[in-house]
Amino acid sequence: MKPRLAVGPLRAIVFFAVLWSLPVFNLAHWAMNMLVFTLMFAVMSSAWNLLGGFAGYPSLGHVAFFGIGAYAEVLWFHHHGITTGYEPFWLLPLIGIGVAVIGLPVAALAMRTRADVFAIVTITLLFVVQTLAYNLRGVTGGAQGAAIAAAPFPAATYERPFYDVLLVLLAVAMGLTWASMRSKVGLSLAAVRADEDKAAGIGVRVQTVKLLAFCVSVGLTGMVGAMWAYYEGFIYPQFAVDPLITVAIVLMTFLGGRATLWGPIIGAFILELAQQYFAYSLGGSQFYLIAYALVFLIVMLVLPRGILPSIQDRIRQRRRRRAVDAT
Amino acid sequence: MPGPRRRSPTGAGDDHVHALIQGVILGVLTAGVYALMASGQTLIFGIMRVVNMAQGAMVILGAYLSYQMFTSLGVDPFLAIPVTTAVMFGVGVGVQLLFLRPLHAEDKSQLSVLVTFAVALLVEGLMSVTWNTTDRGINTGYVNASWTVFGYQITLVRLWAFLLSLAALALLYLVLNRTRFGRAVRASVQNPESARLLGVESERVAAIGYGLGTATAAAAGSVYGMLYPFNPGSHYDLISRLLSIVLLGGLGSIGGAVVGALVISVSSSIVAAAVSPIWSQMTFFVVLLLVLLIRPRGLFGTTVRGAI
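Protein chains in written order, with the numbering used here: chain D, 2 to 328; chain R, 4 to 311.
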C-alpha cells in the first residue's frame, strides 16, 4: 500500500507544475484565452462537485452566485479607479466570503427540499437573480450592461495574471475537496447523500455539513464570477446569469465522475476544449446548441456515472478476475 | 374660468380599484393556459417521478407548429390544436422511449432532471435552426377584438383560450377517471409495484403518459402563440413559471396545478397593475419562496405517493 499513498500528491504536483509552466511557451492569445476559460470551468465544476457530487444536492442555480460575484466586482469598480490592476485579485477572498454569506440563508431555505425538488428550487433562484440583474439598473446597468475599467497589464502577457490566479483558485478548490474526502466532513457528506434521515438519526450533524458544503461551493463560484467580470471587462445580465453555464458545470462533473477529486477537472478539460472547438468550427450558435445537447444526452445515457468511476470499476473487475484466476 | 379639473379624492382610488380588478380578470384568464401546461407537467411527474424540464420547450414547439400551419396553410390556431396535439403526442412518446426509458434506476430522479434539460436545449437548438431567433407571433384577424363588460375589457382570444383550457382539463380529467388507461395511470401513481403485479404495463403507461403531458403542452402552445410573442429562447421563461406553479400546487397533483396557476397568475398580474410590470416576474418566485418556507411539499403535495 505504501507506494499508492504517494501517487495522489505526486499526480497533483505534476498536474499543477505542467499547468504552471504552460505560459512560459509564449502561447498564442487564443490558446491562453481557452486555457483561462477552461480553468474557470474546472474551478466551478470542482466547487459544484462539493455540493452536487459529495452531498448529493444537484444545484442548477450555481450561476446565480457566479452572477452575484461578477456584479460585486462591478460594484467595487463603481467606487474605485484602476491603479496597478492587481487590487481585484486581492478582493477575491472578500467576495468569496460575501457570496458565501449571501448563500447561507438561501441554503437554509432551499435545503428543506431534496434531490429533484432542490434542483427546481435552485433553478428558480437562477431566474430570480437574472430578473434582479435586469431590473436593478443602478448597479448592473440593466440590459445595456456594465463596464469595468480595463486591466493595465501588458498586451503581450495580458492573460497571465488571470491564469495564475485561477490556478491558485483551482488548487484551493481541489485542496478543499481532498481535505474533505479524508476527514469527518467527507464521511458526513457521504452519509447525507446515502440516506439523510438515517444519518441524522445516528447523530451526523446533517444541517451543519450541508450548509457548509453549499456555502463553500457557492463562495468559490462567486470568486470565479468576479474573475470573469474583470477578465471580460463588460458584462450583460444574459451572460452573467446564463443557464448554460450551470448546465456546463453540471455536465462536466457528470462526465468526469461525481464525488471524485479529479472527475470534474477531467470533465472540464474535455468539454470546455471541445466546446471552444465547436464554437469556432460550427460558428453559428444554433448548431452548436444542438451538438452540445446531443453530447449531454449521450453522456447521460452511456456514462451516467462518469469517466473516472467507470474506469475504476473496470480496473477493479480486472484485478478481481486476476485474483480469481490466481487461486 | 378654466379651473383645475375637478377630481374627487375617491376618483383616484376608483381608478386604482378599476386597474386592480382588470388585473384580476386578466390573471384569471391567463391562469387557464398556465394550468393546462402545468397539468401536463404534474401528470408526468405523478406517473414517472420525472421533473420535466422540457415542458416549456414543448409549449414553444407547439406554438411554432401552429404558427407554421397558420402562416403557410392559413389554418386557424384554434382549429390547428387537434393536429399539433397529435404530432406532439408522438414527439413526447419518442422522447420517453429514446431518452428516459434507458436511464438507470438508481438516482433516476436526478438524472431525469438533467436529461429533460438536455432535451429542452436540443429542441431549442432545432427550433432556432428552423425558425431562427427573431420574435414570432400568431396574428389572427381577431387577436385584438374584445368585449367590454361593466367597463372592464375582456380580450376575446384570452376568453377563448381560457374556455379551451377548461375543456382540455376536463378532457384530461375524464381520461384519467373514466378510461382503462386512466385507471392504469392512477394505479401506477398510487403504488407502482402492486400495479405492475396486477398486470399494468408500467413502461407503456409511462410512454403514453409522457406523450399526454407533451400533448397538453402543444394545446397550450397554440394559444400561447396568440397571446405572447415567442422565440426559441422563450422556454426558459416558461419553465421557470411552470416549475413555480407545480411546486406551489404540489408535484403530482393536477388540482394543485390549477390552484397554483390561479394564485401565481393573479398575484403577478396584480403586481403588474399596482406596482410595475418589470417586477411582476418576481412575484412568481416570492410566492414560491413563501410557500416553501411554510410548506416545503407545496399546497396539495403529499410526502408519499398518492392520488393524482
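Backbone N, C-alpha and C fix where the C-beta goes; we use that ideal spot for every residue, glycine too.
Note that the structure is predicted; figures quoted are calculated from it, not measured.
Cβ separation of residue i and residue j, assumed to be a contact under 8 angstroms, to the nearest whole Å
i, j, result
"V208(R)", "S191(R)", "5 angstroms"
"V269(R)", "G30(R)", "4 angstroms"
"F66(D)", "G223(D)", "5 angstroms"
"A151(D)", "G234(D)", "5 angstroms"
"L246(R)", "T125(D)", "6 angstroms"
"S115(R)", "L106(R)", "6 angstroms"
"T143(R)", "N234(R)", "That pair is no contact at about 19 angstroms."
"G307(D)", "I236(D)", "Actually they are not in contact, since the Cβ atoms of G307(D) and I236(D) sit about 32 angstroms apart, beyond 8 angstroms."
"L309(D)", "L125(R)", "About 26 angstroms; that fails the 8 angstroms criterion."
"P155(D)", "Y239(R)", "The pair is not a contact, with the Cβ atoms about 40 angstroms apart (cut-off 8 angstroms)."
Per-residue burial, residue i [other beta carbons within 10 Å of its own, 16 or more giving buried]
i, result
"K1(D)", "With chain D running from 2 to 328 in the structure shown, residue 1(D) is simply not present."
"T261(D)", "buried"
"Q318(D)", "exposed"
"G259(R)", "buried"
"N180(R)", "exposed"
"T13(R)", "Low per-residue confidence applies at T13(R): pLDDT is 47, beneath 50, and the placement is therefore not dependable, though the value from the model is reported in the following sentence. Exposed, since its Cβ has fewer than 16 Cβ neighbours within 10 Å."
"F163(D)", "buried"
"G49(R)", "buried"
"S131(R)", "buried"
"L166(R)", "exposed"
"Q284(R)", "buried"
"V1(R)", "Beyond the ends of chain R as shown, which are 4 and 311, falls residue 1(R); an answer cannot be given."
"W229(D)", "buried"
"P265(D)", "buried"
"A195(D)", "exposed"
"L291(R)", "buried"
"E197(D)", "buried"
"Y232(D)", "buried"
"P305(D)", "buried"
"W49(D)", "buried"
"L201(R)", "exposed"
Residues near residue i by beta carbon distance below 6 angstroms, same chain, minus five either side
i, result
"T88(R)", "A218, A221 and A222"
"V226(R)", "V36 and A164"
"G224(R)", "V62, G65 and A66"
"R244(R)", "F287"
"M33(D)", "E160"
"A57(R)", "T119, V122 and A123"
"D41(R)", "Inspection of the sequence shows that residue 41(R) is occupied by Ala rather than by Asp. Taken in chain order, the residues that qualify are L245, I248, V249, A260 and A264."
Of the listed residues the options, nearest to residue i (C-alpha basis)
i, options, result
"P238(D)", "L188(D), I69(D), K199(D) and L272(D)", "I69(D)"
"F215(D)", "Y58(D), L95(D), G307(D) and A120(D)", "Y58(D)"
"G53(D)", "A147(D), P24(D), V217(D) and E160(D)", "V217(D)"
"L230(R)", "D18(R), S69(R) and H19(R)", "S69(R)"
"L171(D)", "P10(D), F17(D) and L11(D)", "F17(D)"
"I103(D)", "I83(D), H30(D) and V130(D)", "V130(D)"
"T193(R)", "S271(R), V278(R), S256(R) and P80(R)", "A small correction: the amino acid at residue 193(R) is Gln; Thr does not occupy that position in the sequence shown. With distances taken between Cα atoms, Q193(R) lies closest to S256(R)."
"W282(R)", "L292(R), V290(R), S271(R) and Y239(R)", "S271(R)"
"L177(D)", "V75(D), L51(D), L23(D) and A292(D)", "L51(D)"
"H79(D)", "P153(D), Y281(D) and T141(D)", "T141(D)"
"W31(D)", "T158(D), R183(D), T209(D) and A292(D)", "T158(D)"
"P153(D)", "A292(D), R138(D), G82(D) and N27(D)", "G82(D)"
Sequence-distant residues of its chain with Cβ nearer than 7 angstroms to residue i (five each side left out)
i, result
"V122(D)", "A111 and T114"
"R199(R)", "S205"
"G187(D)", "F55 and S181"
"W21(D)", "L168"
"S237(R)", "I63"
"N147(R)", "none"
Contact check, residue i vs residue j, beta carbons under 8 angstroms
i, j, result
"S149(R)", "L159(R)", "yes"
"I242(R)", "G43(R)", "no"
"V118(R)", "M41(D)", "no"
"Q113(R)", "Q25(R)", "no"
"V249(R)", "A38(R)", "no"
"A241(D)", "Y72(D)", "yes"
"T247(D)", "G62(D)", "yes"
"R139(R)", "T33(R)", "no"
"V325(D)", "V219(D)", "no"
"I267(D)", "M45(D)", "no"
"F102(R)", "L298(D)", "yes"
"L100(R)", "A210(R)", "yes"
"E74(D)", "P94(D)", "no"
"M51(R)", "G212(R)", "yes"
Close Cβ partners of residue i (< 8 angstroms) along its chain, the five nearest in sequence each way excluded
i, result
"A83(R)", "L68, S69, M72, F73 and S225"
"P232(R)", "D138, R139 and G140"
"V90(R)", "L68 and A221"
"L215(R)", "G43, L46, F92, G95, L175 and V178"
"R323(D)", "none"
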